[in-house]
Structure formats: structure tokens, C-alpha cells
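J.:
Residue numbers (the numbering used here): 17 to 81.
1) Give the list of continuous alpha helix (DSSP H) stretches no shorter than 4 residues that lie fully inside the stretch 38-67.
2) For residue 52, does the count of other Cβ atoms within 10 angstroms reach 16, so buried, or fall short, so exposed?
3) Quick one: what's got a C-beta closer than 7 Å to residue 60's C-beta in the same chain, skipping five residues either side?
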């Protein structure tokens, strides 16, 4: 899934737009994105660029929301 996301959404802004759309589709507030990213240490490390390993980023993110 990561390869697909990175191919389709090459910039951070494009990924953010996709996540906002996905969150709205499940009728959750957009603030869910920030909350999920901050509460999951693995996701937080990726966002803060402490880790370059993004292989399970999307799976972990959508499992969290």
C-alpha cells in the first residue's frame, strides 16, 4: 500500500489532502489526523522524521482512526 500511496501522492501536501479526504469519508473530524499521528509513537517518529521507515505508515494510520 505504501508504494501505491507514494506513487500517487508524491508530495507531503498531496498525502495530507488524501488523508483529510479519507477521514471525512469515515465521518471523523479532521483533527483525528493530528490526534492519531501524535498518539502513535511510530507515526510520530515518521512525522518528526526520526525514522525514514514508512513501510507500515498508512496501515498503522488507518488502523488508528
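Even glycine gets a Cβ: it sits at the ideal position worked out from N, Cα and C.
T.: According to the structure shown:
1) With a minimum length of 4 residues, the continuous alpha helix (DSSP H) runs that stay inside the stretch 38-67 are 47-55 and 57-63.
2) Position 36 of the chain shown, counted from the start, is the residue given in the question as residue 52. Counting the other Cβ atoms within 10 Å of the Cβ of residue 52 gives 16 or more, which makes it buried.
3) As a first step, residue 60 must be located in the chain shown, where it is residue number 44. Counting only Cβ-Cβ distances below 7 Å, and skipping sequence neighbours, we find 53 and 54.
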